[in-house]
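One structure below.
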């Protein structure tokens, strides 16, 4: 049995912090299939932009830290989404329209910018956005955030998922044991003759 | 006689086309197969990549041609009361590239539903006619399983022993025992021991995203290497536009687009269409002529009609214990046919199989797994995710569909493929019988999960995944009520054969690929036995 990687160990292992975030982001970015040149042209530092801060705040409300798990942004989800949006029109549209819709919700119901709301109000705003259904792009964005999170091996380790990537590596499974069928074997023929 | 004239032209290289080609080549025929897809490269299969699960939403390995949109794919327009999500793959091996590998047989009663239950039609053949071809197909494909199931006719020892049941198989098996239900370990076309030069399954799962070691029996690793060694010719990236006729109304070959988009002719003495239950009627309907203005072999008007899928419903049980459903071969570990036959007290005719199924990985669980109920976002997210992953067992209800003419494949007036050939328009509406069957299945699945100790049960509701494409050029004795005869020969065109799920008279309540392969081998024998008619 592998040693469980708790969130504390995860944080201590140095996977967070700006350098580590860039490293994680680079891993995430590489999954998008972008060239190294493209990756260098859009460094993780772009999170300083307002939209990026907004996106980070949203991803961390969708998948917050807790229960020994990191928040979405801690495993490079924002950078993953940014890079993915460059190649996927659906996501780009979901991000653009979705963020606009969310800010409208915030202005109308909370008289302010999402980033200026308390945590509780942010959750309320997201729930209101969610009520708009697929047209509001919330489910699309939520699913992309899940993707950004659950395609990361460092997350897999925390939830007990082993990928077994290479030839020769395999999960341990008990071989079939015919004793499992001992009860059903006692029963009479059950299929219907067709005449 | 032109040099390029084949004895037999086969259109499509999936489970039917591969079996027909290999069998006829073994017997001595010169066979040419046209396949619109290409060879896949196992080293590039998504199953080897960390982002394998994104193929469930997008990418070149998605199960739907409407999502993949590769040049070799064609769009499928869905319509009707329950528009179907038609799933298929276009490549050497066809949809066996990403199938689960589950390999059950029809029951004897499946060939006699009219005689036994007074519904639909009997097949013009019986289980006994097909039995030796089932065995032959098992040996060619390589199967893991166990003989002795009291709910099925006896069969030979399986080529390799059963695959592991896993914790989920043992758990649900005990529940079935508790309820007194019949169940058995499944036949899967995934080998548990080395077989015919192929490696045994290494249990990593992800089979539907390509088996990189060839343990799963896709026909590119089973039939095709042998057929090609024997001299069969396989032309990839060739899309057939129409079947050509001579002045006497006999098929003389096919007109196809090659890889560069140029029109070419392939001549042959016999033409076999094995392009699946949607692709085959599409091609026949597109092969109009003065002699066949409504489409080739369509004097009955039934080409494209009586389209059947299997009514599906996914029920998931969440357990406190780890079930590790993401490990082990994706083929079905076990099944129950307790409710397979008609019992009118249930309120519907015919019946269904319970398939005990494994699951995909963490991302698919977060998205909602097969029940479609996404893990909630926010404060509860990690708690619910840990509760579900890896703690789910899935029971799939796979019901028998009945042939109905309003469920059909036609040519769409607007959508076209990359060669300008009209796309199929597939209309489907669940019958009252199917809906009642699925409701019954849901209540029985709940019973099974409760007996197994599930702490939560999740239901997909009504869904329309069309993995199994059947019935659109149905087999029968009467030319007014069928398209092909008992040997798959078109009633209207003596040297044209339809050999795939299209030729099913009824659909049974089991996955069809084993039966498609067996029928194909039998059809090949029929073509060969009557070769004096075409040589």
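Residue numbers (my numbering), protein chains in the order written: chain Z, 1 to 195; chain G, 1 to 535. Don't be surprised by glycine CBs; every beta carbon is placed ideally from N, CA and C. Keep in mind that this is a model prediction, so the values were computed, not measured.
Which residues of chain Z have a Cβ atom closer than 8 Å to the Cβ of residue i, listed in chain order?
| i | result |
| --- | --- |
| residue 386(G) | 67, 159 |
| residue 328(G) | 171, 173 |
| residue 335(G) | Those within 8 Å of residue 335(G) in chain Z number zero; the least Cβ separation is about 12 Å. |
| residue 43(G) | Those do not exist, as residue 43(G) stays about 11 Å from chain Z at its closest Cβ, beyond 8 Å. |
| residue 463(G) | In chain order: nothing, as chain Z lies at least about 17 Å away. |
So which residues of chain G does residue i contact, with C-beta pairs closer than 8 Å?
| i | result |
| --- | --- |
| residue 101(Z) | Within 8 Å Cβ-Cβ: nothing; residue 101(Z) doesn't reach chain G, min ~16 Å. |
| residue 87(Z) | Under the 8 Å cutoff, chain G gives no residues; its nearest Cβ is about 10 Å from residue 87(Z). |
| residue 96(Z) | Result: empty, since nearest Cβ-Cβ is about 19 Å, beyond 8 Å. |
| residue 133(Z) | Per Cβ cutoff of 8 Å: no residues; residue 133(Z) is ~13 Å from chain G at best. |
Starting from residue i, find everything on chain Z with Cβ-Cβ shorter than 9 Å and list it in chain order.
| i | result |
| --- | --- |
| residue 183(G) | 181, 184 |
| residue 170(G) | 174, 177, 180 |
Quick check on residue i - is its C-beta less than 7 Å from some C-beta in chain G?
| i | result |
| --- | --- |
| residue 138(Z) | no |
| residue 212(Z) | With chain Z running from 1 to 195 in the structure shown, residue 212(Z) is simply not present. |
| residue 59(Z) | no |
| residue 114(Z) | no |
| residue 187(Z) | yes |
| residue 80(Z) | no |
| residue 110(Z) | no |
| residue 31(Z) | With a pLDDT of 34 at residue 31(Z), under the threshold of 50, the predicted position of this residue should be treated as unreliable, though the coordinate-derived value follows. Answer yes: the Cβ-Cβ gap between residue 31(Z) and chain G drops below 7 Å somewhere. |
| residue 26(Z) | Since pLDDT at residue 26(Z) reaches only 36, below the 50 mark, its modelled position is unreliable, and the value read off the structure follows with that caveat. Chain G, which has no Cβ nearer than 7 Å to the Cβ of residue 26(Z), makes this no. |
Would residue i pass as a contact of residue j if the rule is Cβ separation under 7 Å?
| i | j | result |
| --- | --- | --- |
| residue 86(Z) | residue 73(Z) | no |
| residue 217(G) | residue 145(G) | no |
| residue 94(Z) | residue 59(Z) | no |
| residue 170(G) | residue 180(Z) | yes |
| residue 224(G) | residue 18(G) | yes |
| residue 187(G) | residue 103(G) | yes |
| residue 426(G) | residue 86(G) | yes |
| residue 251(G) | residue 485(G) | no |
| residue 220(G) | residue 92(G) | yes |
| residue 38(G) | residue 237(G) | yes |
| residue 331(G) | residue 507(G) | no |
| residue 311(G) | residue 165(G) | no |
Could you check what DSSP says for residue i in three-state terms: helix, strand or coil?
| i | result |
| --- | --- |
| residue 184(G) | strand |
| residue 187(Z) | coil |
| residue 117(Z) | coil |
| residue 30(G) | coil |
| residue 225(G) | helix |
| residue 517(G) | helix |
| residue 151(G) | coil |
| residue 15(G) | helix |
| residue 69(Z) | strand |
| residue 22(G) | helix |
| residue 246(G) | coil |
| residue 197(G) | coil |
Would you verify that the beta carbon of residue i is, or is not, closer than 7 Å to some beta carbon of chain Z?
| i | result |
| --- | --- |
| residue 522(G) | no |
| residue 156(G) | no |
| residue 187(G) | no |
| residue 69(G) | no |
| residue 203(G) | yes |
| residue 1(G) | Unreliable positioning characterises residue 1(G) in this predicted model, as indicated by a pLDDT of 42, which lies under 50. A coordinate reading is not provided. |
| residue 573(G) | This structure leaves residue 573(G) out entirely; chain G is present only between 1 and 535. |
| residue 491(G) | no |
| residue 112(G) | yes |
| residue 382(G) | yes |
| residue 121(G) | no |
| residue 402(G) | no |
So residue i contacts chain Z; which residues on that side make the cut at Cβ distance below 7 Å?
| i | result |
| --- | --- |
| residue 341(G) | 192 |
| residue 366(G) | 146, 150 |
| residue 151(G) | 190, 191 |
| residue 389(G) | 159 |
In chain G, which residues lie with their C-beta within 9 Å of the C-beta of residue i?
| i | result |
| --- | --- |
| residue 142(Z) | 374, 377 |
| residue 123(Z) | 378, 379 |
| residue 156(Z) | 50, 361, 362 |
At a cut-off of 6 Å, would you count residue i as near the ligand SAM, judging by its Cβ distance to the nearest heavy atom?
| i | result |
| --- | --- |
| residue 468(G) | The ligand content of the structure shown is nil, which means the ligand SAM is not present either. |
Under 7 Å Cβ-Cβ, which residues of chain G neighbour residue i?
| i | result |
| --- | --- |
| residue 76(Z) | By Cβ distance, chain G contributes nothing, its closest Cβ being about 13 Å from residue 76(Z), past 7 Å. |
Go through the region 40-122 of chain G residue by residue and report every complete run of the beta strand (DSSP E) that reaches 3 residues or more, in order. Counting only runs of 3 or more, we get 77-79.
Taking only runs that begin and end inside the region 433-510 of chain G, name each unbroken beta strand (DSSP E) of 3 or more residues, in chain order. Complete beta strand (DSSP E) runs here, min 3: 456-459, 496-498.
Going residue by residue through the region 80-153 of chain Z, where are the continuous beta strand (DSSP E) segments of at least 3 residues, counting only ones entirely within it? None, since the region 80-153 of chain Z contains no complete beta strand (DSSP E) of that length.
Threshold first: 4 residues or longer. Then list the alpha helix (DSSP H) segments lying entirely within the region 263-314 of chain G, N to C. If we require 4 residues or more, the alpha helix (DSSP H) runs fully inside the region 263-314 of chain G come out as 276-286.
What ranges does the alpha helix (DSSP H) occupy inside the region 361-401 of chain G, keeping only unbroken runs of at least 4 residues that lie completely in it? Segments of the alpha helix (DSSP H) lying fully in the region 361-401 of chain G: 362-367, 381-388.
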